[in-house]
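The next block holds one structure in the form of structure tokens; read it before the comments.
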Amino acid sequence: MSGLQFFWFLLIGVLFSGYFFFEGFDYGVGMAVQTLAHNEDEKDQIVATIGPVWDGNEVWLLTAGGAMFASFPYWYASLFSGYYLILFVVLFGLIIRGVSFEFRHKVPLKQKQRWNWTLSIGSFIVPFFLGVMFISMVKGMPIDAQGNMTATFGDYFNLFSIVGGVAVVLLTYLHGLNYIALKTEGAVRQRARNYAQFLYWVLYAGLVVFAVLLFFETDFFKLHAVATLALVVALVVLTVVAHVASFKGTELVAFLASGISLVVVVALLFQGLFPRVLISSISPKYDLLIKTASSSPYTLKVMSIVAITLVPFVLAYTAWAYYIFRKRIKQPVVVGEK
Amino acid sequence: MSIVTLARFQFAMTTIFHFFFVPFSIGTVLIVAILETCYVVTKNEQYKQLTKFWGNIMLLSFAVGVVTGIIQEFQFGMNWSDYSRFVGDIFGAPLAIEALLAFFMESTFLGLWMFTWDRVSKKLHLLFIWLVVVGSMASALWILAANSFMQHPVGYVIRHGRAEMVNFFAVITNAQFFYEYGHVITGAITMGGIIVAGLSAFQLLKKDKLEKTTVALYKKTVRLGLVISLVGSISVMGVGDLQMKALIKEQPMKFAAMEGAYKDSGDPAAWTLIGWANEAKHEEVFGIKIPYMLSILSYDKLSGSVKGMDSANKALIKKYGKRNYYPMVNMMFWSFRVMAGFGALMFLVSALGLFFTRKKKAILYEHKWMLWILGMMTFTPFIANTCGWLITELGRYPWTVYGLFTIKQSVSPNVSATSLIISNTVYFLLFTTLAATMVSLVIRELKKGPEYEEQQLQLANQASVDPFDKGAF
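Here it is, written out as structure tokens:
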């Protein structure tokens, strides 16, 4: 494995981390629209916290997908075709939720509730099915010598992958609640904190189940015992930090801790895969490796130059956008017939 | 049905639907940026109302365009995994760059633009929308660089059973790429102009019921839209002409199919205005011909012959081996005529429309039938764009990458027909719903009119609402 190949494996991990960190709270906020708000004004207030930034956050996913295509075409091809129906459902969720932001405040008041629902349901579907995909992926899937996956229902949906899906939903929901607490004023802010404080107790139980299943269902603890253990411990510590911060009312700390815990989950999965990118449950010799699944050295070099040049600009103006929208949101900003 | 057919159908459906909104957004965002520039320069509040009004319609198009675009990126891996394996080394690069360079830019600055009216300085706010224009035009650049490689592969070698990039510079300076980009961007600009002029014309039909100030606003955007579509349509015809001439050399089969010519033409070549082909027997059923015309179109002179599909077929068999090289001839022939016909019509309507709305004698507003024609023009760019892509993509048959890789080789071998039928059905229903919602919301925005938001603001008196209050961090 060359240095460039390793760099791109790392970069794909970073892009998915960025995706879960940023878009993660958007999903949480989306789910909160129908579960946290008590009335239409509160819904508007909740949506307004991500109104200007959600679309930019989603680009992390597109960049991760595009970068995977460019740097590891065999990984991209096997993963996306193998998880055809799962990704189809993810796309469905992304579409119904993406249009909801624009539609919900342009439709007549009577129809608004419909687009609140699509926003919340879409925001639930995406993290759940991505969780199922990534967890079943690290467990290993029936991949043949040509790299084609021919899986059955049980390969996609089993105890481990469903626990994984629920865990990702829970993590993004909590991340969203922490974000709402950070970005709002009034009743919604307090309620978001109350919800989070309760749900963290559920998450502890979930993490224990997840860690046990990780031990039995994957080879992570055998292959990279130290790193796996360290990251699992980090996940638990971050959860405790976020929980305590939520009680203490240090909302920025809670938000950062829940965001970083999503990053740690991605790191955990990627280090467990290493040096593979896909694990075959048929035979280890059919595993897709970083070494063999990547693009040519020339392409990786060109893409490295492009990425190193562009990423700082993207980070700079993203940070600027968040700085401009740094204020708390008190009341709905939507102007329209009320 | 075979998985190849189902996957092709899906690609066609998702791409056509997506491409309704891409040029719509690129074109209208440019007009919105121009309107806001007028506002910042003249400080005339009317321009601000117009910016917001057309901005709302642009945002609807953007929303649907963005979400349907995600399908595009995913479906290469989902439906065309063997294609992705073969060509990912080259094809993935522009896609990744598109996301990194263009998508981040357009979505971040669009978010800033939407939510910072009167919150940042006017010039900074104007900068935001122009950055969205740059971002949206840059995204078209990279995706078309990828498509151009499929039409005319350059800068690669075949190694390790796949196409590997050896010259990035060659990939992004592909001649085909300049034609495609020019064609798509000028087409999008034309579309923006036609849509704005057309929708304004529809509103002017009931001008007796509108306020005088509102009527004046619509008259402004009719003129602005027509100026833009005039410039756009002249450019698009120019680029299209160059592109055709290149096609004769690069993809003679595509060119011949667009002209419905099976046999080689005589010298000088006659042009078939309308006709029909029997695709099974590879022969023309009937055709109305204009002498000399094809020589003029192809070479700008009164002589010169072009190859028909039969000779192109022979040449392709000799070069690449035996298989069916004939594309869907009638579809190509008629798509070309509809596209070029509507293109010419857009030019004509723009030119005449400007003439009839001139200050001295603006008779267009007095005649309902003229307003109707201009209004109905709104729909033509959607049809013309679709036809243009049908020609480009169907004409590449049987290749996904011209001369290198076929459609049959490209499809995902492990995706079942059932999966494809499920996704096709759901996409179809979803797109129908989205399109219906989109149309009803555009009509709703139009009914509100450009002065609606201002009135609402005055009613609400805003003072009590301050969304940006205390610092969070």
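If you read the protein sequences in the order shown, they are chains A and B. Counting in the working numbering, the first sequence runs from 1 upward without gaps. Counting in the working numbering, the second sequence runs from 1001 upward without gaps. Just so you know, even glycine gets a beta-carbon here, dropped at the ideal spot from N, CA and C.
Can you name the start and end residues of the beta strand (DSSP E) that residue i belongs to?
i	result
B/Asn1278	1271-1278
B/Arg1358	No beta strand (DSSP E) contains B/Arg1358, which DSSP labels as neither H nor E.
B/Gly1287	1283-1290
B/Ile1363	Looking at the DSSP string, B/Ile1363 is not in any beta strand (DSSP E), and its letter there is neither H nor E.
A/Leu278	276-278
B/Met1328	That residue, B/Met1328, is in no beta strand (DSSP E); it is neither H nor E in DSSP.
B/Ile1477	A question about residue 1477 of chain B goes unanswered here, because the residues of chain B that appear run from 1001 up to 1473.
B/Met1150	Not the beta strand (DSSP E): B/Met1150 falls in the alpha helix (DSSP H), residues 1122-1151.
B/Thr1116	Taken as a continuous stretch (DSSP letters only), B/Thr1116 belongs to no beta strand (DSSP E), as it is neither H nor E.
A/Ile329	327-329
B/Glu1451	Run containing B/Glu1451: none; DSSP gives neither H nor E here.
B/Met1165	1162-1165
Buried or exposed: which applies to residue i, given that a residue is buried once 16 or more other Cβ atoms fall within 10 Å of its Cβ?
i	result
A/Pro312	exposed
B/Tyr1039	buried
A/Arg191	buried
A/Tyr195	buried
A/Ala64	buried
A/Arg323	Note that residue 323 of chain A corresponds to Tyr in the displayed sequence, not to Arg. That one is exposed.
B/Lys1048	buried
A/Thr309	exposed
B/Arg1358	exposed
A/Val159	One point to set straight first is that residue 159 of chain A is Leu, not Val, in the sequence displayed. It counts as exposed.
A/Ala340	One cannot answer for residue 340 of chain A here, as it falls past the ends of chain A, which runs 1 to 338.
B/Phe1255	buried
B/Ile1090	buried
B/Gly1161	exposed
A/Lys338	Only weak support is given to the placement of A/Lys338: the predicted model assigns it a pLDDT of 37, under 50, and the value that follows is read from those uncertain coordinates. By the 10 Å Cβ count, A/Lys338 comes out exposed.
A/Phe216	exposed
At what residues does the alpha helix (DSSP H) containing residue i begin and finish?
i	result
B/Ala1257	1252-1258
B/Met1078	1045-1079
A/Ile290	290-293
A/Ile12	3-35
B/Trp1372	1368-1376
B/Ser1448	A small fix is needed here, since residue 1448 of chain B is Lys in this sequence, not Ser. First-last of the alpha helix (DSSP H) with B/Lys1448: 1417-1448.
A/Ser49	Residue 49 of chain A is actually Thr in this sequence, not Ser. Counting along the chain, A/Thr49 falls outside any alpha helix (DSSP H), and DSSP gives it neither H nor E.
B/Ala1033	1003-1042
A/Arg191	187-217
A/Arg97	84-104
Are the CB atoms of residue j and residue i within a distance shorter than 7 angstroms?
i	j	result
B/Met1150	B/Tyr1156	no
B/Gly1192	B/Leu1364	no
A/Gly18	A/Thr172	no
B/Gly1055	A/Pro73	no
B/Asn1414	A/Thr150	yes
B/Pro1268	B/Leu1302	yes
B/Ser1200	B/Thr1221	yes
B/Glu1180	B/Ser1136	no
B/Val1439	B/Ile1003	no
B/Phe1024	B/Ser1061	yes
Using a Cβ-Cβ cut-off of 6 angstroms (strictly less than) and excluding sequence neighbours within five positions of residue i, which residues of its own chain qualify?
i	result
A/Phe270	Gly13
B/Thr1015	none
A/Val253	Ala245
A/Ser258	Leu174, His175, Asn178, Ala242
A/Val168	Pro127, Gly131
If I measure Cβ to Cβ from residue i and keep anything under 7 angstroms in the same chain, skipping five residues before and after, which residues do I get?
i	result
B/Pro1398	Arg1323, Asn1324, Tyr1325, Thr1406, Ile1407
A/Val264	Leu231, Ala234, Leu235, Leu238
B/Ser1229	Thr1190, Gly1193, Ile1194, Ala1197, Met1346, Ser1350
A/Arg328	Lys183, Thr184, Glu185
Once the 5 residues before and after residue i are set aside, which same chain residues still bring their CB inside 8 angstroms of it?
i	result
A/Leu36	Glu42, Ile46, Leu177, Ile180, Val188, Arg191, Ala192, Tyr195
B/Ser1464	Residue confidence is low: B/Ser1464 scores 47 on pLDDT, short of 50, so the model does not pin down where it sits. Its coordinate-derived value is still stated next. Same-chain partners within the cutoff: there are none.
Three-pair Cβ contact test at 8 angstroms for the stretch 61-78 of chain A versus the stretch 1084-1096 of chain B: yes
Say whether the stretch 1224-1242 of chain B touches the stretch 1339-1354 of chain B, bearing in mind that this needs 3 or more beta-carbon pairs closer than 8 angstroms, one atom from each stretch. yes
Stretch pair the stretch 1009-1028 of chain B + the stretch 1051-1068 of chain B: three plus CB contacts closer than 8 angstroms: yes
Looking at C-beta atoms only, is the number of pairs between the stretch 271-287 of chain A and the stretch 136-146 of chain A that lie closer than 8 angstroms three or more? Result yes; three or more Cβ-Cβ pairs closer than 8 angstroms.
Could you tell me whether the stretch 115-124 of chain A touches the stretch 78-97 of chain A, where touching means 3 or more Cβ pairs closer than 8 angstroms? With a cut-off of 8 angstroms, the stretch 78-97 of chain A and the stretch 115-124 of chain A count as touching, because enough Cβ pairs lie within range.
Contacting positions in the stretch 64-75 of chain A - beta carbon closer than 9 angstroms to chain E: Among the protein chains of the structure shown, namely A and B, there is no chain E.
Taking three-plus beta-carbon pairs below 8 angstroms as touching, is the stretch 78-85 of chain A in contact with the stretch 1412-1431 of chain B? yes
Within 8 angstroms, do at least three Cβ pairs link the stretch 1367-1379 of chain B to the stretch 1241-1250 of chain B? no
Any 3 or more C-beta pairs closer than 8 angstroms across the stretch 1425-1441 of chain B and the stretch 96-116 of chain A: yes
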